[in-house]
Amino acid sequence: MKENSLRSIPVRHDRRPCLGGLMPFSTVDWPDRLTATLFVSGCPWRCHYCHNPHLQPRNTRVQWEDALSFLKSRQGLLDGVVFSGGEPLMEVELPSMVRAIRKLGFDIGLHTAGIYPDRLHAILPDLAWVGLDIKTLPERYDQLTGRAGSWTPVSSCLQQLREWARRTGQPYECRTTWSEDWLSQPKLLELAAMLKNEGVQTYAVQRFRSAPDREPVDRLLPQTEAVLNALFTSYTLR
């Protein structure tokens, strides 16, 4: 990846990044990596099952300088840093934040719902991994997100990631937060088959939890899991 590949992106300097949280250590935000995770505040979608609804507004709970100072103290101890949210690509300062962290020697991972394909395209050269949320079947997206036309940018991001992986060899993952309440198991398999046809090789199903400390209620049938395992090179149930 090129060190200066983001320098042509215009970055505003009249505002500070909106960081909603910092997780010092995580083994789940980037598969097989020990990371710190920065949570960016703000998201234009209103998914009713949102895992982090407190991050939807653009509020700052962690100062960028404090986050950067913490990461400096963890040089050589972490495998990378993940930007999550909210929707990280909503943050216009993200390119400069990525540059600053990469200069410390960290690889960068990104969680995104695929809302901003142009911003994803601009930042891809400086990423080492991407986790793309695929929430439901295309025809159900608007109902789930509360926004019209919401599948179109996601489709563009999916195509970008497929080409990026083919060209660079960098990995990406598609994942679906799942509950029977909004996606039956036959519909989940329909979605998975669509992603397979789009060239997706790594897929994860994240069972919905009503609270972070609660166990998920819905369980996949063994035959559903068998199909998912057969479809993808790598399949994970979380």
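Residue numbers (the numbering used here): 598 to 835. Quick reminder that beta carbons are idealized off the backbone N, C-alpha and C, glycines included.
Quick one, are the C-beta atoms of residue i and residue j less than 8 Å apart?
| i | j | result |
| --- | --- | --- |
| V678 | L635 | yes |
| R744 | P641 | yes |
| V594 | T773 | No statement about residue 594 is possible, as the shown extent of the chain runs from 598 to 835 and does not include it. |
| L668 | I698 | yes |
| E684 | G639 | yes |
| L707 | L724 | yes |
| L755 | V727 | no |
| S776 | Y646 | yes |
| L616 | V659 | yes |
| T709 | L729 | yes |
| I731 | L828 | no |
| R816 | R835 | no |
| M694 | P614 | yes |
| T799 | T830 | yes |
On the DSSP letters alone, give me the boundaries of the beta strand (DSSP E) that residue i sits inside.
| i | result |
| --- | --- |
| W761 | Run containing W761: none in the beta strand (DSSP E); it sits in the alpha helix (DSSP H), 748-765. |
| D730 | 726-730 |
| Y769 | 769-775 |
| A790 | Here A790 belongs to no beta strand (DSSP E); instead the alpha helix (DSSP H) covers 782-794. |
Exposed or buried, which one is residue i when buried takes at least 16 other CB atoms within 10 Å?
| i | result |
| --- | --- |
| V608 | With a pLDDT of 38 at V608, under the threshold of 50, the modelled position of that residue is not reliable, and the figure given next carries that caveat. Exposed: under 16 other Cβ atoms inside 10 Å. |
| L818 | exposed |
| M687 | buried |
| H651 | exposed |
| P768 | buried |
| S781 | exposed |
| P714 | buried |
| S681 | buried |
| L674 | exposed |
| Q820 | exposed |
| G711 | buried |
| D626 | buried |
| N826 | exposed |
| A789 | buried |
| P692 | buried |
| A633 | buried |
| L603 | Here L603 scores only 37 on pLDDT, less than 50, and its place in the model should not be relied on; the value that follows carries that caveat. By the 10 Å Cβ count, L603 comes out buried. |
| Q653 | buried |
| E787 | exposed |
| K599 | Residue placement at K599 is flagged as unreliable, the pLDDT there being 36, under the threshold of 50; the coordinate-derived value follows with that caveat. By the neighbour-count rule (16 or more Cβ atoms within 10 Å), K599 is not buried but exposed. |
| E770 | buried |
For the alpha helix (DSSP H) containing residue i, name the first residue and the last one.
| i | result |
| --- | --- |
| I712 | Per DSSP, I712 belongs to no alpha helix (DSSP H) and is neither H nor E. |
| Q740 | 738-742 |
| L828 | 819-828 |
| P621 | It is not in any alpha helix (DSSP H) - P621 instead sits in the beta strand (DSSP E) that spans 616-623. |
| F667 | 661-670 |
| S695 | The question names Ser, but residue 695 is Val in the sequence shown. Element bounds for V695: 691-699. |
List the residues that DSSP assigns as beta-bridge partners of residue i.
| i | result |
| --- | --- |
| D704 | G677 |
| L834 | V802 |
| V637 | L616, G682 |
| T632 | S623, G677 |
- Query: Taking contact to mean at least 3 C-beta pairs separated by less than 8 Å, is the segment 719-736 in contact with the segment 612-625?
  - Reply: no
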